[in-house]
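Okay, structure first, notes after.
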Amino acid sequence: MSESLSCHPHTLGEPADDRAGPGATDGSHPVDLDRIRRAVREILLAVGEDPDREGLLETPDRVARMYAEVFRGLHQDPSTHLAKRFTQKYDEMVTIRDITFSSFCEHHLLPFSGKAHVAYLPSGKVVGLSKIPRVIDVLSRRPQVQERLTEQIADLLMEQLDALGVAVVMEGVHSCMTVRGVQKPGSTYITSAMRGSFRENVATRMEVLSLIHGASRSV
Ligand SMILES: Nc1nc2c(ncn2[C@@H]2O[C@H](COP(=O)(O)OP(=O)(O)OP(=O)(O)O)[C@@H](O)[C@H]2O)c(=O)[nH]1
Ligand SMILES: [Zn+2]
Numbered sequence: 088m089s090e091s092l093s094c095h096p097h098t099l100g101e102p103a104d105d106r107a108g109p110g111a112t113d114g115s116h117p118v119d120l121d122r123i124r125r126a127v128r129e130i131l132l133a134v135g136e137d138p139d140r141e142g143l144l145e146t147p148d149r150v151a152r153m154y155a156e157v158f159r160g161l162h163q164d165p166s167t168h169l170a171k172r173f174t175q176k177y178d179e180m181v182t183i184r185d186i187t188f189s190s191f192c193e194h195h196l197l198p199f200s201g202k203a204h205v206a207y208l209p210s211g212k213v214v215g216l217s218k219i220p221r222v223i224d225v226l227s228r229r230p231q232v233q234e235r236l237t238e239q240i241a242d243l244l245m246e247q248l249d250a251l252g253v254a255v256v257m258e259g260v261h262s263c264m265t266v267r268g269v270q271k272p273g274s275t276y277i278t279s280a281m282r283g284s285f286r287e288n289v290a291t292r293m294e295v296l297s298l299i300h301g302a303s304r305s306v
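In our numbering, the protein residues as written are 88 to 306.
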């Protein structure tokens, strides 16, 4: 597995909790909650807020727990979800579309979210239907850029499924484009990664894009 897909060595393969509970202050959690709390307090002071006013008292702790939750994928290994494969005499395209995802852009730490569409051409083995969204969840729950996220999903599936081809198309709406900066709500960013037959064979690529197109007018 490439460096970018791996996770923190001491938690490799261990699923982290969905949320770090309020009591996760003993250092056992892979995310340093106390450090985030201190940093958030600093940010509040820096922007001219009073972190000791009633409404903000619990904010550093909430933000710490939120980061532990939304970046939990840093401490998870997505390939564990693809370990269980079963033999299936099916050599046609498998497509799953409209998988919702949410991630955080690594430039501004603001969310981007949307839908992913994934197809693969099996070579005798398939995975359970739910495993592909699980892989997307792990890789999304890290600071990301959409291009890298798209390619990581495609490369991991290609490698782990021994697939003849993998196609991933992602449509994302980026908060850093809507709530700040250029402020252009309504724009969708579309990325794709084609591997194996989908890259080499125009007809196969067209077939998958038309399948996805059936679900989404914007691709
Ligand atoms: N290609 C790509 N760009 C992204 C993604 N998420 C955010 N960005 C962009 O990353 C860029 C960062 O640009 P910078 O010039 O370094 O930062 P900035 O001054 O905050 O830029 P503005 O957003 O234009 O105000 C911006 O254009 C963002 O829209 C992503 O997933 N992929
Ligand atoms: Zn951004």
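Here a beta-carbon is modelled for each residue, glycine too, at the ideal position from N, C-alpha and C.
| request: Alpha carbon to alpha carbon, how far is residue 278 from residue 179? Give it in angstroms, no decimals. | output: For residue 179 and residue 278, the distance between alpha carbons rounds to 24 Å.
| query | To which residues does DSSP link residue 276 through a beta bridge? | reply | Beta-bridge partners assigned by DSSP to residue 276: 259.
| query | Thinking just about the alpha-carbon of each residue, which of 301, 235, 253 and 289 is nearest to the one in residue 210? | reply | Out of 301, 235, 253 and 289, the CA that lies nearest to the CA of residue 210 is found in 253.
| task | Would you mind giving the Cβ-Cβ distance between residue 269 and residue 204, rounded to the nearest angstrom? I have them listed as a contact below 8 Å. | result | In this structure residue 269 is not in contact with residue 204, their Cβ atoms being roughly 26 Å apart against a cut-off of 8 Å.
| Rounded to a whole number of angstroms, what is the C-alpha to C-alpha distance between residue 220 and residue 227? | So the alpha carbons of these two residues sit roughly 10 Å apart.
| residue 204: beta carbon under 7 Å from a heavy atom of ligand 1? | The answer is no for residue 204.
| query | Taking Cβ to Cβ, would you say residue 223 is nearer than 8 Å to residue 186? | reply | Taking 8 Å as the Cβ cut-off, residue 223 and residue 186 qualify as a contacting pair.
| said: Is any non-hydrogen atom of ligand 2 found closer than 7 Å to the C-beta of residue 236, if you look at the structure I gave you? | reply: The answer is no for residue 236.
| Neighbourhood of residue 233 by C-beta distance below 7 Å, restricted to the same chain and skipping five residues each side | Around residue 233: 199, 257, 259, 276 and 278.
| said: Could you compute how far the alpha carbon of residue 177 sits from the alpha carbon of residue 251? | reply: Just so you know, the alpha carbons of residue 177 and residue 251 end up roughly 12 Å apart.
| field | Continuous alpha helix (DSSP H) stretch holding residue 266: start and end | value | Run containing residue 266: none; DSSP gives neither H nor E here.
| message | Are there any heavy atoms of ligand 1 lying less than 7 Å away from the beta-carbon of residue 199, as far as the coordinates show? | response | Yes, the beta carbon of residue 199 sits closer than 7 Å to at least one heavy atom of ligand 1.
| request: Please name the residue or residues paired with residue 254 in a DSSP beta bridge. | output: In the DSSP output, where bridge partners are listed per residue, residue 254 has 206 and 281.
| Does the beta-carbon distance from residue 328 to residue 249 come in below 8 Å? | One cannot answer for residue 328 here, as it falls past the ends of the chain, which runs 88 to 306.
| query | What's the call for residue 281, buried or exposed, on a 16-neighbour Cβ count within 10 Å? | reply | Counting Cβ neighbours within 10 Å, residue 281 comes out buried, since at least 16 surround it.
| request: Would you identify the three-state DSSP class for residue 227, choosing helix, strand or coil? | output: Helix at residue 227.
| message | Just to check my reading of the structure: residue 124 and residue 148 have Cβ atoms closer than 8 Å, yes? What is that Cβ distance to the nearest angstrom? | response | Their Cβ separation, rounded to whole angstroms, is 6 Å, which keeps residue 124 and residue 148 in contact under 8 Å.
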